[in-house]
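Q:
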Amino acid sequence: MSRERSRSRRAAVQALYQWSISAQPASEIITQFHEEGILEDADSQLFEKIVSGLINEVVAVDQSISPHLSRKIEQVDPVEKALLRLGCYELLFMPETPYRVVLNEYINLSKTFGSAKSHQFINAALDRVARESRTVEIAANERADEKK
0 MSRERSRSRR
10 AAVQALYQWS
20 ISAQPASEII
30 TQFHEEGILE
40 DADSQLFEKI
50 VSGLINEVVA
60 VDQSISPHLS
70 RKIEQVDPVE
80 KALLRLGCYE
90 LLFMPETPYR
100 VVLNEYINLS
110 KTFGSAKSHQ
120 FINAALDRVA
130 RESRTVEIAA
140 NERADEKK
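Residue numbers for the sequence shown follow numbering that gives the first Met the number 0, beginning at 0 and rising by one.
1) Measure from the alpha carbon of D42 to the alpha carbon of each residue in E141, L83 and R4, then state which is nearest.
2) By DSSP, does R70 sit in helix, in strand, or in coil?
3) Can you grab the Cα-Cα spacing for the pair S63 / A124, in whole Å?
4) On the premise that Y98 lies in contact with E56, defined as a C-beta separation below 8 Å, what is that separation, rounded to the nearest angstrom?
5) Would a C-beta distance cut-off of 8 Å place Y105 and L82 closer than the cut-off?
6) Give me, in chain order, the residues of the same chain whose beta-carbon lies closer than 6 Å to that of T134; leave out the 5 immediate sequence neighbours on both sides.
7) Can you confirm whether the stretch 35–51 touches the stretch 3–21 when touching is taken to mean that 3 or more C-beta pairs between the two stretches lie within less than 8 Å?
8) Look up P77 in the DSSP assignment and say whether it is helix, strand or coil.
9) Among V50, L90 and E79, which residue has its Cα nearest to the Cα of R130?
10) D126 lies in the alpha helix (DSSP H); which residues open and close that run?
11) Put E3 into one of helix, strand or coil per three-state DSSP.
12) On the premise that E47 lies in contact with I29, defined as a C-beta separation below 8 Å, what is that separation, rounded to the nearest angstrom?
Structure (C-alpha cells):
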C-alpha cells in the first residue's frame, strides 16, 4: 500500500464530506483540491477516479451498503458516510484493489476522522459488502491463510 494512494483516499474522504454538505459538482471539488495543493503528495488519478466515480454511482453504492447498516444511510454521520461510501465504491467498482487493502485503508481513516467507535462500524459494514461482492477473492484468501 503506497503512501500516495493512502493520501488520495484521505483527500477523497474530505472531498466527499465537502460534496455531501455543499452539493458542489465533483469537477469543482477536484479542481479546488488540485489548486489548493491538497493532492501534492497523493495519487491524483486515484483521487479523481474514486471521487467522481462514487458521485456518479452514489445510488448503487448506497443500495449496496444500506442493508448492512443499523440505521438509514441518511442518518449516518457525514464523515462515516463518506468513509462507508468510498470503501463500498472501491469494493464494488475497483476489483484490482484487494479487499483487505480497502478494509484496512478505510478502517485506518475512520480512526483518524471518525468518532471513537466508528472504526468498528466501518469495519463491520465494509466486511459484509466485501463478503457479498468479493466472494471468489475472499475464498481464495481464506484457502491461502489455511495453508500457512
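Beta carbons: idealized from backbone N, C-alpha and C, even for Gly. All of these numbers come straight from a predicted model, not from anything done at the bench.
A: Concretely, from the data shown:
1) R4
2) coil
3) Spanning the two alpha carbons is a distance of roughly 10 Å.
4) Actually they are not in contact, since the Cβ atoms of E56 and Y98 sit about 18 Å apart, beyond 8 Å.
5) In this structure, Y105 sits near L82, with a CB-CB distance shorter than 8 Å.
6) none
7) In short, these stretches touch, since the Cβ pair count reaches three.
8) helix
9) Looking at V50, L90 and E79, the one whose alpha-carbon comes closest to that of R130 is L90.
10) S117 to S132
11) helix
12) The distance from the Cβ of I29 to that of E47 is about 6 Å, consistent with a contact at the 8 Å cut-off.
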